[in-house]
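Q: The sequence shown: position 91 = 91 (the UniProt record's numbering), numbered continuously. Dumping the structure here so I can ask a few things about it.
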Amino acid sequence: MAEIMQTTLKPSKLEVITQWMRAQPWYRGAMSPHLEIVGGFRLDDPDGEVGLEFFVVRDEPDGVEYFVPLSYRAEPLRDGESENYLVGTMNHGVLGTRYVYDGPADPVWRVVVADLLNGEAEPQHRTESETPDRTVRLVPGTEAGTVDHATVVRVLLAGPAEEPGVVLPWNAADGGEVSGLVLRGHAG
């Protein structure tokens, strides 16, 4: 399990997400986002090289909630298209420069998320080291072990999930807790 380091990040994760998000076609705001983190979880890279973090952010004042999955790397991806998916860079107080990518563009992210959807990876608490996050739920619907990729639900709707995937709770604007589908699992 990955250790969460208490250190500085410049710019912060939220600052990097905010800058990137306003240019995304799925962003519904008319102006620059004003984001608040209201939920999320992590997954561990079995090789310990790539950070995998998943955020639910709410854009104020309109209250739209978005799911933003990220990967963090020490070196940039070199696949020819990855620069299109670079969210930004951060200076980590211990690890140095981190290249932040939109998760689905990262090959490690894709493998570990498929493992999650097949019940082979355990979600981790977003802010506590070595702590499983038991609030993240899998919605079955495909034969065990057959999910090979995921679709990200970018704009979130709270409510029951009726298709296979990952359901995540988050803090609602009214102070309560809601949940909804954040990742759809696909076989074949």
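The beta carbon of each residue, even a glycine, is placed where N, CA and C say it ideally should be.
Report the rounded CA-to-CA distance for V111 versus G29, giving the unit in angstroms.
A: Answer to the nearest angstrom: the Cα atoms are 32 Å apart.
Q: The alpha helix (DSSP H) that contains D148, what's its start and end?
A: From DSSP, D148 is part of no alpha helix (DSSP H) but of the beta strand (DSSP E) over V147 to V152.
Q: Quick test of the definition: if touching needs 3 or more C-beta pairs under 8 Å, does the segment 53-68 touch the segment 15-30?
A: yes
Q: From what residue to what residue does the beta strand (DSSP E) around E15 run?
A: E15 -> not in any beta strand (DSSP E); alpha helix (DSSP H) instead, spanning K13 to M21.
Q: Which residue wins for smallest C-alpha separation from G188, given the options A173, D148 and P107?
A: The option with the nearest alpha carbon to G188 is D148.
Q: With a Cβ-Cβ cutoff of 8 Å, do S82 and A105 count as a contact?
A: Yes, they are a contact pair.
Q: For E122, I'd like the list of residues in its chain whose CB is within less than 7 Å of its CB, leaving aside the five on either flank, ordered along the chain.
A: P132
Q: For G51, which option in V167, G145, G180 and D102 has the closest C-alpha, if you only look at C-alpha atoms?
A: D102
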